[in-house]
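Visitor: Once you've had a glance at the structure underneath, I'll fire off some questions.
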Amino acid sequence: MEAATHYSEIKVNIEQKLNEMNWTGVGRAAPETGRSYTADDIDRASELRDKEVANLVTCHTKRSCDSLLAALERLAEGSYGLCSECGDQINMNRLLAHPTSLYCVPCQSKKEKAAKRLS
Ligand SMILES: [Zn+2]
């Protein structure tokens, strides 16, 4: 299957997670705009995130929302699926299981080992 097909699957997956986290409820936190925000809005413009969405995401799920939104942004700008550490393509099965993954498996395990050494 084409990577692009997987990416649209992942996108739907992420948007579902945002909905599960009461994303529309978060949108209601800004009544002055008279509308709520959907994941599609995030898709359209990244400046939306800076100006408006950042203010909206004040719930206790902010961290989870942030990583999901960041993943959507990476999907929109085409950098999704590349390891933040080494720039390699992240394994597709890993992305499907963990859509917000930032690192490939080797880099992730390196980081986990380093974290263990510190603790
Ligand atoms: Zn890597």
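Under our numbering, residue 119 is the last one in the sequence shown; the count climbs by one each step, no gaps. C-beta atoms are modelled at their ideal positions from N, C-alpha and C, and glycine is treated no differently.
#1: Give the single residue among Asn-93, Gln-108 and Glu-112 whose Cα lies nearest to the Cα of Gly-87.
#2: According to DSSP, is Leu-82 helix, strand or coil?
#3: What residues in its chain sit with their C-beta under 8 Å from that of Gln-89, if we drop five residues either side in the sequence?
#4: Grab the span of the alpha helix (DSSP H) containing Ser-119 for me, first residue to last.
#5: Does the beta-carbon of Tyr-124, which I'm using as the reference point, lie nearer than 7 Å to any heavy atom of ligand 1?
Guide: Concretely, from the data shown:
#1: Gln-108
#2: strand
#3: Gly-81, Leu-82, Cys-83 and Cys-104
#4: Neither: Ser-119 is in no alpha helix (DSSP H) and is coded neither H nor E.
#5: In the structure as shown, the chain starts at 1 and stops at 119, and residue 124 therefore has no counterpart that could be examined.
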